[in-house]
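First the structure, in the form of structure tokens, and then the observations on it.
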Amino acid sequence: MNRQLLSLLALFAVANMAFGIVCLPNMCDNVRCMEYTEENCEYTVVPNGGFCGCCSACVHLLKVGESCPTLRLSGGPPPTVKCEDGLVCNDQTAKCETAA
């Protein structure tokens, strides 16, 4: 019984850590960012697109019909690949398509 309870508590602890990323006030004051520019980013520079909006991100914007990631973790790191504006990732086909 105690072993099952400990296993359950451990599972809840891991789940809370996975969803527990919190952006605190003034957090960006202590973050050193990679400076993304058109010269060193092969894709699209998204201002404040990094973790907690502290830094810019280099993001590959996908077009209609391109494969997209369907697994999204709440509270996880920002995506480095996403569908272009106006498109959504279809969970069944895992392809970018026009938003309905």
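Residue numbers for the sequence shown, in mature numbering (1 follows the signal peptide of the UniProt record, and there is no 0): -20 to -1, 1 to 80. Using N, Cα and C, we set each Cβ at its ideal position, and we do this for glycine too.
Would a C-beta distance cut-off of 8 Å place residue i and residue j closer than the cut-off?
i: Cys48; j: Cys76; result: yes
i: Leu42; j: Val61; result: yes
i: Ser36; j: Tyr16; result: yes
i: Gly30; j: Cys13; result: yes
Below 8 Å CB to CB, which residues in the same chain sit around residue i once its five sequence neighbours on both sides are set aside?
i: Ala79; result: Gly66, Leu67 and Val68
i: Ala74; result: Ser47, Cys48, Pro49 and Thr50
Can you find the residues in the same chain that come closer than 7 Å, C-beta to C-beta, to residue i, ignoring five residues on each side of it along the sequence?
i: Cys8; result: Cys32 and Cys34
i: Pro58; result: Gly29, Gly30, Phe31 and Ala37
i: Cys21; result: Cys38
Locate the beta strand (DSSP E) running through residue i, then write down its first and last residues.
i: Cys38; result: Ala37 to Leu42
i: Leu67; result: Leu67 to Asn70
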